[in-house]
Ligand SMILES: Cc1cc2nc3c(=O)[nH]c(=O)nc-3n(C[C@H](O)[C@H](O)[C@H](O)COP(=O)(O)OP(=O)(O)OC[C@H]3O[C@@H](n4cnc5c(N)ncnc54)[C@H](O)[C@@H]3O)c2cc1C
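In the numbering used here, the protein residues as written are 432 to 745.
Structural data, given as structure tokens:
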């Protein structure tokens, strides 16, 4: 069973494919709101959108949140059943503002959405990822935030037809004025799109030792990820690379964790991996309850041996 009209709102083009894939699963009609140009709108149509509403790039001193009222009016006029907002920081702010105009609440951190008897049933993470709560949405327009790795993108179809509608939104004072925008220092990496990921945890004693994991990643063609303490505490890797409830959600073919204990806040970010592998020296580490292949061993002795064998075969 599906909803009638699903809407997608995103300020991040890389989220369009998965959200459109989800939209097509859940609704008979998919409309997308973008803050970019025609080229991106055509991409959204190829990814599964029927209509794309272009709100245009906000100006230097205008932020997408200022369009929230215009967006809410459009959603009401077109009778939106489900509104999926990409859970970027800006997306969450927009979702909140739009929801207030529908006198409803936002369901955030969605892990699963299904339609039962014309009602939306949502599973979402609560208590920092320690629990999954199932709720039934009672409002006529359901507003949710969805991160990466929840839905699967459909194969791109350049022959798909759709409409692109340019909107001239009303700019309503958002109570925020932009003072300055500067390029972010750090990495720009889309870890959630990686097919193979090697994740490192506090089992590594020094930053230099991460070379062992990097060598493995290089041989198997994997991206590097990490647990939160490695990025937030040690600052050995950038925040864009930490995996879990407060970081990135992955959907790789394989995730190899090295010296990661396997706390739930980390593991929710990798549960959609097709194969999970872990190396940890503690046989009672929680990670072993959640993986397909577990190796009890010290990374400092196991990894050099694995690397030596793989280098010979490589
Ligand atoms: C609200 C909240 C949100 C959070 N969000 C996230 C999140 O998004 N992502 C995240 O990762 N964490 C998150 N955390 C933190 C999380 O609870 C864990 O503390 C964290 O994931 C642990 O990281 P770790 O496994 O690297 O370190 P540890 O828990 O310290 O585990 C290190 C592991 O390495 C093993 N080890 C040690 N030496 C070796 C060796 N030589 N060889 C092999 N194994 C070895 C140990 O046996 C141990 O299991 C969050 C916590 C809270 C409260």
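Idealized CB from N, CA, C, for every residue including glycine. Because the structure is a prediction, the values reported are computed rather than measured.
Residues bridged to residue i (per DSSP)
i           : result
residue 451 : Partner(s): none; residue 451 has no beta bridge.
residue 552 : 545 and 567
residue 438 : 462 and 514
residue 630 : 656 and 688
residue 711 : 727
residue 472 : Looking at the DSSP assignment, residue 472 forms no beta bridge with any residue, so it has no partner.
residue 706 : 685
residue 673 : 657
residue 562 : 557
residue 576 : 516
residue 595 : 483
residue 457 : DSSP output for residue 457 lists no bridge partner at all.
residue 374 : Since the first residue shown for the chain is 432 and the last is 745, residue 374 is missing from the structure and cannot be characterised.
residue 641 : Looking at the DSSP assignment, residue 641 forms no beta bridge with any residue, so it has no partner.
residue 537 : 574
When the options are compared against residue i, the one with the closest alpha-carbon
i           : options               : result
residue 560 : 708, 697, 511 and 451 : 697
residue 716 : 574, 692 and 601      : 692
residue 586 : 449, 458, 597 and 728 : 449
residue 618 : 589, 592 and 654      : 654
residue 557 : 676, 728, 712 and 718 : 676
residue 700 : 624, 644 and 650      : 624
residue 546 : 454, 728 and 636      : 454
residue 724 : 542, 706 and 638      : 706
residue 554 : 595, 504, 576 and 612 : 576
residue 629 : 636, 484 and 642      : 642
residue 594 : 483, 488 and 544      : 483
residue 607 : 589, 498 and 720      : 498
residue 574 : 609, 582, 533 and 548 : 533
residue 644 : 570, 488, 615 and 710 : 710
residue 572 : 523, 613, 506 and 614 : 506
residue 543 : 526, 528, 524 and 582 : 582
residue 636 : 690, 613, 615 and 670 : 690
residue 527 : 610, 479, 609 and 605 : 605
Residue i and residue j closer than 8 Å at C-beta
i           : j           : result
residue 632 : residue 550 : no
residue 473 : residue 447 : no
residue 539 : residue 518 : yes
residue 442 : residue 461 : no
residue 493 : residue 602 : yes
residue 457 : residue 437 : yes
residue 678 : residue 702 : no
residue 668 : residue 674 : no
residue 501 : residue 598 : yes
residue 646 : residue 738 : yes
residue 722 : residue 685 : no
residue 563 : residue 514 : no
residue 741 : residue 650 : yes
residue 681 : residue 578 : no
residue 565 : residue 552 : yes
residue 521 : residue 504 : no
residue 622 : residue 664 : no
residue 452 : residue 584 : yes
residue 704 : residue 735 : no
residue 588 : residue 477 : yes
residue 807 : residue 435 : Coverage of the chain is limited to positions 432 through 745, which leaves residue 807 absent and any answer about it impossible.
residue 762 : residue 652 : Residue 762 is absent from the structure shown; the chain starts at 432 and stops at 745.
residue 634 : residue 541 : no
residue 600 : residue 719 : no
Residue i: CB within 7 Å of a non-hydrogen atom of ligand 1
i           : result
residue 660 : yes
residue 646 : no
residue 711 : yes
residue 482 : no
residue 690 : yes
residue 578 : no
residue 632 : yes
residue 511 : no
residue 676 : yes
residue 548 : no
residue 694 : yes
residue 581 : no
residue 673 : yes
residue 686 : no
residue 656 : no
residue 597 : no
residue 552 : no
residue 704 : no
residue 560 : yes
Heavy atom of ligand 2 within 7 Å of residue i beta-carbon
i           : result
residue 731 : The model depicted lacks ligand 2 and carries ligand 1 instead.
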